[in-house]
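Engineer: Numbered by the working numbering, the letters in the sequence shown go through residues 11 to 71 in order.
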Amino acid sequence: MTLEDRFKSAVRRAYGAAGVRLQEHHADSLASVYANWAQGADEGVVARVERALAASLGVRA
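#1: Secondary structure at Gly54, three-state DSSP: helix, strand or coil?
#2: Looking at Glu60: is its Cβ nearer than 8 Å to the Cβ of Ala41?
#3: In whole angstroms, give me the CA-to-CA distance for Gly29 and Asp52.
#4: Tell me which residues share the same chain as Arg22 and place their Cβ nearer than 6 Å to its Cβ, disregarding the 5 neighbours each side in the sequence.
#5: Near Gln49, which residues of its chain fall below 7 Å by C-beta distance, leaving aside the five closest residues on each side in sequence?
Here it is as structure tokens:
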């Protein structure tokens with residue numbers, strides 16, 4: 011799974027848990043931004059970004 015695929019999944023999970031349904035191109039766009047930001051980061055940083063995404067929507071990762 012690529013970093014972008016991982017964030018695409020995280021975006022869908024977080025927004026879905028918050029009761030928000032995103033169009034596919036919006037999920038792709040957000041995932042791309044997160045993946046570019048986290049490129050080269052270690053696993054701990056990537057996991058923290060995933061949790062922060064969920065927390066920003068008021069849900070748990």
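Even glycine gets a Cβ: it sits at the ideal position worked out from N, Cα and C.
Owing to the predicted nature of the structure, the values given are computational and were not obtained by experimental measurement.
Structural biologist: Looking at the coordinates:
#1: Gly54: helix per DSSP, three-state reduction.
#2: Ala41 is positioned such that its CB atom lies no closer than 8 Å to that of Glu60.
#3: Straight-line Cα distance between these residues: approximately 30 Å.
#4: Hits under 6 Å: Ala37.
#5: Same-chain partners within the cutoff: Leu13.
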